[in-house]
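Residue numbers (this note's numbering): 1 to 133.
In this text, a Cβ means the ideal position worked out from N, Cα and C, and glycines have one as well.
These numbers come from a predicted model, not from an experiment.
One structure is given below, encoded as structure tokens.
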Ligand SMILES: [Cu+2]
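Structure follows, in structure tokens:
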């Protein structure tokens, strides 16, 4: 009698011990499969989108350092490493006029391709060119 009871209880204990581990394994597999599918499909669009929006204009020692070119409508990050405020202002029209206090600011590049000369309104000797293409 006790022997049969033990035989029925042992498998149950085994299942209880394997249950959580089995669940974890199954979940891990499912996550791995999902992550694998997600990354293979998403890395292409996600990666390129991240790269295309990382345009930085650096201002240091009263001088602009500008990317070779930026994408139309891209978000441009302006890093002003000077202790004084500057601006990134288009010479003509109002294509962009970014107030650039010390630190980081952003503005949106023109959506029209072209070469946009810009200056700093506080320091007219500061010039740069933003190429959009
Ligand atoms: Cu300035």
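Would you report the Cα separation of residue 58 and residue 92, rounded to the nearest angstrom? The alpha-carbon atoms of residue 58 and residue 92 are separated by roughly 21 Å.
Comparing C-alpha positions only, which one of 129, 108, 88, 110 sits nearest to residue 100? 88
So, are the CB atoms of residue 73 and residue 109 less than 8 Å apart? yes
Should residue 127 be listed as close to ligand 1, given that the test is whether its C-beta is under 7 Å from any heavy atom? no
Could you check where the beta strand (DSSP E) with residue 55 kicks off and where it finishes? 55 to 59
Rounded to whole angstroms, what's the CA-CA distance from residue 114 to residue 68? Just pull it up for me. 12 Å
Straight-line Cα distance separating residue 127 from residue 84: 16 Å
Do residue 70 and residue 132 have their CB atoms nearer than 8 Å? yes
Rounded to the nearest angstrom, what separates residue 112 and residue 120 at their Cα positions? 22 Å
Give the DSSP-derived three-state secondary structure of residue 46 in the structure shown. Annotation note: pLDDT 37 at residue 46 (below 50); position unreliable, coordinate value reported separately. Three-state result, residue 46: helix.
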